[in-house]
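Q: Residue numbers (the working numbering): 1411 to 1645.
Think of the CB as a built atom: it goes at the ideal place given N, C-alpha and C, for glycine as much as any other residue.
Being a predicted model, the structure only gives us computed values, none of them experimental.
(1) Taking residue 1588 as part of the beta strand (DSSP E), name the residues at either end of that continuous run.
(2) Could you work out which residue in 1452, 1485, 1451, 1456 is closest to residue 1443 when comparing CA atoms only?
(3) Near residue 1555, what residues of its chain come up, given a Cβ to Cβ distance below 6 Å and the 5 sequence neighbours on each side ignored?
(4) Helix, strand or coil for residue 1504? Go by DSSP, reduced to three states.
(5) Could you tell me the distance, in whole angstroms, from the CA atom of residue 1645 to the CA atom of residue 1591?
(6) Going by other Cβ atoms of all chains shown within 10 Å of its Cβ, with 16 needed for buried, is residue 1487 buried or exposed?
(7) Considering only C-alpha positions, which residue in the set 1447, 1454, 1541, 1580 is nearest to residue 1552?
(8) For residue 1512, which three-state DSSP category applies?
(9) Would you grab the beta carbon distance between residue 1598 and residue 1570 for me? Rounded to a whole angstrom, and I think it's under 8 Å.
(10) Taking buried to mean at least 16 other C-beta atoms within 10 Å of its own C-beta, is residue 1500 buried or exposed?
(11) On the CB-based measure, 16 or more other CB atoms within 10 Å of its CB, does residue 1606 come out buried or exposed?
(12) How many Å lie between residue 1459 and residue 1604 at the Cα?
(13) So which of 1595, 1491, 1453, 1523 has the shortest CA-CA distance to residue 1477?
(14) Measure the C-alpha to C-alpha separation of residue 1588 and residue 1615 and round it to an integer number of angstroms.
(15) Helix or strand or just coil, what does DSSP make of residue 1481?
(16) Hey, which unbroken runs of the alpha helix (DSSP H) at 4 residues or more fall wholly within the stretch 1595-1630?
(17) Thinking C-beta only, is residue 1492 closer than 9 Å to residue 1624?
(18) Would you mind reading off the limits of the alpha helix (DSSP H) that contains residue 1552?
(19) Tell me the DSSP secondary structure of residue 1529 in three-state form.
(20) Return helix, strand or coil for residue 1543, following the three-state DSSP convention.
(21) Assuming residue 1483 contacts residue 1528 under a Cβ cut-off of 8 Å, what Cβ separation, rounded to an integer in Å, is found between them?
(22) Near residue 1446, what residues of its chain come up, given a Cβ to Cβ distance below 8 Å and the 5 sequence neighbours on each side ignored?
(23) Decide if residue 1521 is buried, meaning its Cβ has at least 16 other Cβ atoms within 10 Å, or exposed.
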């Protein structure tokens, strides 16, 4: 028998921790777990100084860190202090997308955190660096996902290789939707599609790309005009 077991109680918003030889029970709210995380902010990102033992690090971006809550199928996304307002915006957008199969489900939102589905899969960025070949079905699914969001009155933006996740069964999920209500036209997905059909699908094009090279291409994409040919090698 395991000495520890965990479960997520959605209605009470608590993590149930049973530990020790006598099965002692301890309750922690998700707010307590979120508050246990201490984040240091930098110009282009964040780092983690402290966290609760129930949290397993998954990844981080410019404004937030994401953890899997151990022994559950939930993820906890915590925003840095100066970006806490993004938590409300992203929560509101996930509520608009509720029930959409292409996006994770939101369970709870706090002042600086979100609790949502833990998505087990590989980002398209990692697919390219690991040599996991992509096909047109992936592109079609992303198109359908973005179209379904537009039909709900959203404007999908900031769609890049690291926020599209390929699941083991071949389906996709899109995460990080905080910019889905901005008004400007975002070309990122259009350019990714163009790169896929113009370059990636060709037999001569390598299906595995070193991380440093892919990061360099992304850097060029951000710095160089969209009209230049080099931009379309974003893959």
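A: Short version:
(1) For residue 1588, no beta strand (DSSP E) run applies, since DSSP gives it neither H nor E.
(2) Minimum Cα distance to residue 1443 is reached at 1485.
(3) For residue 1555, where only same-chain residues beyond five positions count, the Cβ hits under 6 Å are 1512, 1584.
(4) Residue 1504: helix per DSSP, three-state reduction.
(5) Confidence at residue 1645 is low in this model, with a pLDDT of 43, below 50, so its placement is unreliable and the value that follows should be read with caution. Note on geometry: alpha-carbon atoms of residue 1645 and residue 1591 lie some 26 Å from one another.
(6) It counts as buried.
(7) Of the residues 1447, 1454, 1541, 1580, the one whose Cα lies closest to the Cα of residue 1552 is 1580.
(8) Coil.
(9) Indeed, because the Cβ distance is near 5 Å, the residues count as touching under 8 Å.
(10) With 16 or more other Cβ atoms within 10 Å, it is buried.
(11) So residue 1606 ends up on the buried side.
(12) Approximately 41 Å between the Cα atoms of the pair.
(13) Distances from the alpha-carbon of residue 1477 to those of 1595, 1491, 1453, 1523 put 1523 closest.
(14) If I take the Cα positions, the gap works out to 33 Å.
(15) Taken through DSSP and simplified to helix, strand or coil, residue 1481 comes out as coil.
(16) Counting whole runs of 4 or more residues, the stretch 1595-1630 contains the alpha helix (DSSP H) stretches 1598-1605.
(17) Not a contact, by the Cβ cut-off of 9 Å.
(18) Per DSSP, residue 1552 belongs to the alpha helix (DSSP H) from 1546-1560.
(19) Annotated three-state conformation of residue 1529 is coil, per DSSP.
(20) In the three-state reduction of the DSSP assignment, residue 1543 falls in the coil class, being assigned neither a helical nor a strand state.
(21) Yes, they are in contact, since the Cβ atoms of residue 1483 and residue 1528 sit about 5 Å apart, within 8 Å.
(22) Around residue 1446: 1460, 1461, 1462, 1465.
(23) By the neighbour-count criterion, in which a residue is buried when 16 or more other Cβ atoms sit within 10 angstroms of its Cβ, residue 1521 is exposed.
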